[in-house]
Every structure is written in structure tokens, then in C-alpha cells.
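Participant:
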Amino acid sequence: MKLTSTIASLVALIAIPFAFAEAPIKNAGVSKDLVVPDRYIVIYKQKADPALREKHEQDIDKKGKNAKKGGVVNKLDLGDLHGYIAEIPASTLKDVVASDLASIDFVELDTIVRVSPIKLEDDKIVEKRAFETQANGPWGLARISHRSPGFSDYVYDNSGGEGIRVYVVDTGIMTNHTDFEGRAIHGMNFALGTPNTDENGHGTHVAGTIGGKTYGVAKKATLVSVKVLDASGAGTFAAVMEGIAWAVLNAQANGGANKAVINVSLGGGNNGLLNTIVDIASGFGATVVAAAGNDNDDAANHSPASALSAITVGALDQADSRAYFSNFGRLVNIFAPGVGVLSACLSAVSNSESCSYSGTSMAAPHISGLAAYYIKLCGLAGSTAVTNKIIETATMNTLGDSQGSPRRIAYNLATGP
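So for the sequence shown, the numbering used here puts the first residue at 84; every next one is plus one.
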């Protein structure tokens with residue numbers, strides 16, 4: 084498989100006022116409040132002639148720009164899946180698609196996606212703690228290094244995911260935060276019209292849990308910012324798809340996707356195309372970790388949580404129960420700490436502050452960090468091997484209120500088998 088380019092702008096689902104002749108609209112019926120006006124994702128049939136695809140895109144681009152729109156904003160070319168993102172009036176797109184039905188498989192409306200709602204446990208920023216060791220470390224780190232709850236020390240192998248790239252598909256990262264020790268870098272920005280920096284704080288907090296010196300699971304991992312969300316924590320499904328595709332391409336050029344991890348702590352309604360992108364990324368070997376969502380709902384109703392190849396993570400509370408807000412169900416692979424999680428905090432006055440958030444957005448990075456940790460420690464390669472290791476080593480049958488989810492709690496094997 085060859086990964087060549089990515090997508091653009093964040094999407095979800097919605098209905099449009101017409102059908103493109105026989106080309107099905109995959110997300111018809113979605114709330115109009117979620118639709119990005121005049122923005123569409125068009126996917127070709129698998130055997131569509133490349134020359135005809137190119138001619139079609141030139142036509143769309145020209146007519147879109149003639150209508151004072153962006154035309155073809157970006158292409159999607161990932162494995163056997165080919166398509167493009169267009170900004171064009173609906174009536175114009177309808178006419179062009181109707182003339183190329185032999186090549187077009189389906190059309191989706193671009194829709195909005197957001198970070199899952201998070202609860203700020205303490206409005207007050209917590210001052211950076213000067214841990215010499217991980218004695219009395221964050222409770223989430225302690226929990227994943229012991230079979231039983233109630234411990235306060237984080238025990239871990241000092242290889243710490245060194246050299247493993249973890250891509251944070253989120254609001255960006257405050258790369259100069261002291262807890263990152265220079266290991267956090269900017270990768271790419273797909274949140275159109277925004278600076279490369281984190282303006283929200285969500286991505287910085289997530290990155291801290293993955294690989295921060297004090298707050299992180301894999302304390303030597305490389306953290307790569309893939310910005311897809313703006314200051315409000317919102318974006319589009321298209322931007323998320325583009326971000327994941329770019330991460331795979333970048334990983335291929337930096338040691339191989341089979342040694343890379345992609346954290347996606349965000350979500351929207353169930354979207355088959357996004358799930359397909361996740362599955363293709365996993366096919367390249369990348370380990371994709373997704374937040375289950377904070378709706379107290381079946382994760383099957385949300386994406387990318389419902390992607391079959393993702394490691395979907397639910398939130399655990401300090402009582403070893405499913406957090407009241409956490410999504411659940413058979414598609415949740417594992418649970419990790421997601422209540423009152425202390426990590427790196429975005430601040431305008433300091434680059435060394437921390438704060439506590441709750442959410443499956445906070446649980447997922449524990450697993451992304453654990454994935455990087457195991458890749459380095461055990462010499463693993465590929466998403467299947469990493470997923471199996473995380474599931475096989477999990478603490479079983481202690482989770483309360485699982486609501487039909489597998490009763491697995493993440494564990495790093497540090498204090499015994």
C-alpha cells in the first residue's frame with residue numbers, strides 16, 4: 084500500500100436537499116447544525132480510472148473557484164481509498180457528479196467534530212510538582228503499574244518509549260512546556276485559519292499523559308502535534324481524517340508506521356469513512372488509540388471509537404468503576420484512568436503548570452503511552468501485536484459497572500505478572 088496524501092477540514096454527518104443521481108449520500112439525515120456549508124467529501128469507486136479521476140477533479144476545482152469557493156481543497160489517497168474534499172455550491176457539485184457516475188462511489192457532507200466534553204476538576208491551576216522519582220505520582224500512573232488500586236507510586240521500566248513517535252491528533256501541543264523536555268514537536272496543522280500552537284489546552288494535557296516527564300506513561304517518547312481542532316475544541320471529520328493519514332505518512336518516513344502510535348481523543352457520530360481511514364492506518368501498522376466518548380452511551384454510536392481496528396478506551400474512576408460519563412459496550416477494548424487526571428496545562432503566564440481534567444480523552448493517552456512503552460520495551464511492531472499485548476496484560480474482572488464492556492484495566496507489568 085502506498086500512502087500519498089491526506090484530507091482537509093473537520094467533518095461529521097448531515098443530509099443534503101437532493102441525491103446525486105445514483106451516487107449515494109452516506110451521511111444523509113444528519114442534523115443541519117453539524118454541516119459545514121458547501122463542503123463535501125467525494126469518494127471514488129475502487130477501480131475508477133486515475134485519468135478520469137484527475138479530469139473530474141480539475142472540473143470540480145475550476146467550477147468551484149468560478150463560484151468563489153475553494154474548489155478541490157485537498158485529496159485523499161490512502162491505500163485503496165481515493166477521493167477529495169471540495170468546497171463548491173451543492174447544485175454545481177450535483178451536476179458534475181451526475182456526469183461522472185461511473186467513477187463516483189459516494190458523497191458525504193463535511194460535518195463538525197469536537198473534543199469530548201471534559202470536566203475541569205479544579206479551576207485552579209496546580210503548581211508543577213518537583214518529583215525526583217515517581218513516588219506519590221499521579222494516581223492514574225500508579226493505577227496502571229499495579230494490579231490492585233490504592234498505590235501511590237508509578238513503577239515503570241526506564242526505557243520509557245524512547246524513540247517511539249506518538250502522534251497527538253488534537254488541538255495542538257504547547258511544545259515548550261517543561262514537562263516535555265524538548266521531546267514535543269509540531270508536525271502539521273489541518274485546523275484551517277489557526278496558528279500551529281495549542282490555543283485550547285486539551286492537546287497539551289493529552290500529550291502530557293502520554294509522554295510528560297512527570298505526568299506521562301512513556302517518559303521518553305517523541306510527541307508529534309497534529310492539529311485538527313481550533314481554540315474551541317471543534318473541527319471537522321475531514322481534518323481528522325487528513326490528520327490521521329498525514330501521521331501514517333510521516334511515520335513511514337521516520338522509522339515505520341508499525342512503530343508509531345496515533346492518539347485520537349475526540350469524536351462525533353458514527354462515521355464509516357473515518358472508521359475506514361482508521362482501519363487503513365492500522366493496516367499500515369500504526370496503533371490507533373481512540374477515546375470511547377463521554378456520553379454514557381454505546382461506543383458503537385460514535386467515531387472513531389467504533390472503528391474495529393482502534394484500541395477504544397473507556398474511563399476508569401478511583402473506585403475502579405466505569406466513570407459515570409464513559410461510553411461503554413463491546414467495542415470498548417480497555418479502561419484506563421479518566422477522572423481527575425493531572426497533566427501538563429496550557430498557560431499564558433508559565434510553561435510549567437499542570438491541571439486536572441476528566442474524560443475518556445484523558446483515559447486514551449494512558450493507553451497511547453502504554454503502547455509506546457510496550458513497543459520499546461518488548462520490541463513490538465504493528466498494531467495487532469501492540470493491541471494484543473495491551474489486552475493480554477490487562478487486569479481482568481475488577482472493573483465495576485462495565486455496562487457490557489470487557490472488564491479490562493490497563494497494566495504495564497511493572498510490579499509482577
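For every residue, glycine included, the Cβ atom is placed at its ideal position computed from N, Cα and C.
#1: Under 6 Å Cβ to Cβ from M445, same chain only, skipping five residues before and after it: list those, please.
#2: Less than 9 Å between the C-beta atoms of L192 and V249, yes or no?
#3: Can you tell me which of E137, A304, K138 and P172 puts its alpha carbon nearest to the alpha carbon of K148?
#4: Find the nearest neighbour of G223 within the set G162, F418, H285 and A131, judged by alpha-carbon distance.
#5: Where G299 and L176 are concerned, what is the direct C-alpha to C-alpha distance, given to the nearest angstrom?
#6: With a 10 Å radius around its C-beta and 16 neighbouring C-beta atoms as the bar for buried, classify S365 as buried or exposed.
#7: Over what stretch of residues does the beta strand (DSSP E) that includes V426 continue unbroken?
#8: Return the Cβ separation of T478 and Y494 in integer angstroms, given the expectation that the two are a contact with Cβ distance under 8 Å.
#9: Do the stretch 377-385 and the stretch 456-468 make contact, defined as three or more Cβ pairs closer than 8 Å?
#10: Considering only residues of the same chain and omitting the five flanking positions on each side of F408, which have a CB-CB separation below 6 Å?
#11: Quick check: the stretch 123-136 against the stretch 181-189, are at least 3 beta-carbon pairs closer than 8 Å?
#12: To test your reading of the DSSP string, which unbroken alpha helix (DSSP H) runs of 4 or more residues are found completely within the stretch 260-311?
#13: Per DSSP, which residues does M324 bridge with? Please list them.
#14: Within a Cβ cutoff of 8 Å, which residues of the same chain sit near L482, ignoring the five residues on either side of it in sequence?
#15: At what residues does the alpha helix (DSSP H) containing L453 begin and finish?
#16: May I ask you to report which of helix, strand or coil DSSP gives H229?
#17: Is the stretch 323-330 touching the stretch 349-367, taking contact as three or more C-beta pairs under 8 Å?
#18: For the alpha helix (DSSP H) holding T175, just list the boundary residues, first then last.
#19: Does the beta-carbon distance from G255 to E282 come in below 9 Å?
#20: List the endpoints of the continuous beta strand (DSSP E) containing P420.
#21: Between the alpha carbons of V27 and G291, how many angstroms are there, rounded?
#22: For T194 and N259, which I take to be in contact (beta-carbon distance under 8 Å), what is that distance rounded to the nearest angstrom?
#23: Can you pull the DSSP bridge partners for V119?
#24: Quick check on DSSP: helix, strand or coil for A317?
#25: Can you name, in chain order, every residue of its own chain whose Cβ lies under 6 Å from the Cβ of K310, other than the five neighbours on each side?
#26: Assuming D262 contacts K296 under a Cβ cut-off of 8 Å, what Cβ separation, rounded to an integer in Å, is found between them?
#27: Verify whether the separation of the beta carbon atoms of A390 and V289 is less than 9 Å.
#28: Within 10 angstroms of the Cβ of I450, are there 16 or more other Cβ atoms? Answer buried if so, exposed if not.
#29: Using CA coordinates, which residue listed in S235, K302, G265 and Y237 is at the minimum distance from E245?
#30: When DSSP builds the beta bridges, which residues end up paired with I256?
#31: Taking the Cβ atom as the reference point for each residue, do T370 and V331 lie within a distance shorter than 9 Å?
#32: At which residues does the beta strand (DSSP E) containing R136 begin and terminate?
#33: Exposed or buried, P221, counting other C-beta atoms within 10 Å across all chains shown (16 or more means buried)?
#34: Using C-beta distances below 7 Å, list every residue in its chain close to D484, excluding the 5 sequence neighbours before and after it, in chain order.
#35: Taking only three categories from DSSP, how would you classify L39?
#36: Grouping DSSP H, G and I as helix and E and B as strand, with all else coil, what is L110?
Facilitator: The short version:
#1: G421 and V424
#2: no
#3: Out of E137, A304, K138 and P172, P172 has the C-alpha closest to the C-alpha of K148.
#4: F418
#5: 47 Å
#6: buried
#7: Strictly speaking, residue 426 in this sequence is Ser, with Val absent from that position. Residues V424 to A427.
#8: 5 Å
#9: no
#10: N377 and N379
#11: yes
#12: 285-294
#13: For M324, which the question treats as bridged, DSSP gives no partner whatsoever.
#14: L399, D403, S404, R405, F418, S488, R490, R491 and I492
#15: T443 to C461
#16: coil
#17: yes
#18: Here the alpha helix (DSSP H) through T175 covers A173 to A181.
#19: yes
#20: I417 to P420
#21: The displayed coordinates of the chain run from 84 to 500. Any statement about residue 27 would go beyond what the structure contains.
#22: Rounded, the Cβ-Cβ distance is 34 Å, inconsistent with contact.
#23: Looking at the DSSP assignment, V119 forms no beta bridge with any residue, so it has no partner.
#24: strand
#25: Setting aside the 5 residues that flank it on each side, K310 is surrounded in the same chain by G255, N272 and A274, each with a C-beta closer than 6 Å to its C-beta; the list follows chain order.
#26: 5 Å
#27: no
#28: buried
#29: K302
#30: DSSP, once it has assigned bridges, lists no residue as partnering I256.
#31: Here T370 is not near V331, since their CB atoms are 9 Å or more apart.
#32: Premise fails: R136 lies in the alpha helix (DSSP H), P133 to N149, not in any beta strand (DSSP E).
#33: buried
#34: S404 and R405.
#35: For residue 39 there is no data in the structure shown, the boundaries of the chain being 84 and 500.
#36: Reading the sequence as shown, one finds Asn at residue 110 and not Leu. Residue state, collapsed to three classes: coil.
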